[in-house]
Amino acid sequence: MKTTFLEFEQPIAELETRIEELRYVQDDSAVDISEEIQRLTKRSQSLTKDIYGKLNPWQVAQVARHPQRPYTLDYVQALFTHFEELHGDRDRQQHAHRPGGREGA
C-alpha cells in the first residue's frame, strides 16, 4: 500500500521518495551508496521528530483522522485468533462503525 502523506508531511515524503530511489539504484548498481541512504534515513527520522513535535491542533486532528490509521477491526485481528463479529442491536439495525463481538472457539 502506498503511504499517504499529509500536507505538512511533504518534506518527509520527498526524503522518503529519494531514499526509495537510491535503494532502487543501489540494487542495480555496483556503486555502494548505503552511507548516503543511511544519512538520509537519519535525516528523515530527525525531520519527522521535529515536525511532529511542533504540530498545531488542526494538524493533530488530521493525524488522528488519517485514512491509513488502524481501525478497531485491525486491532481485533491482531489480538484475537477466533473473533466472531456480532451484528445488529435491540432495534435490529446494523452499525458498521461500531463493531462488537466475542472470541469464538
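For what it's worth, the numbering used here labels the leading residue of the sequence shown as -2, then goes sequentially. Glycine included, C-beta positions come from ideal geometry on N, C-alpha and C.
Whole-angstrom distance between residue j and residue i, CA atom to CA atom
i   : j   : result
D29 : Q23 : 7 Å
T45 : D25 : 29 Å
D71 : H79 : 14 Å
T69 : A75 : 10 Å
R62 : G50 : 18 Å
S31 : N53 : 35 Å
V60 : P67 : 12 Å
Other residues of its chain near residue i: CB distance less than 8 Å, five sequence neighbours each side excluded
i   : result
L37 : L12, R15, I16, L19
S41 : I9, L12, E13, I16
Residues of its chain near residue i, where Cβ-Cβ distance is below 6 Å and the 5 sequence neighbours each way are ignored
i   : result
A10 : F2
E73 : Residue identity check: residue 73 is Val in the sequence provided, not Glu. Result list for V73: F80, in chain order.
Beta-carbon separation (whole angstroms), residue i vs residue j, contact threshold 8 Å
i  : j   : result
F5 : I34 : Going by Cβ atoms, the distance from F5 to I34 rounds to 24 Å, so no, they are not a contact pair.
T0 : Q65 : 7 Å
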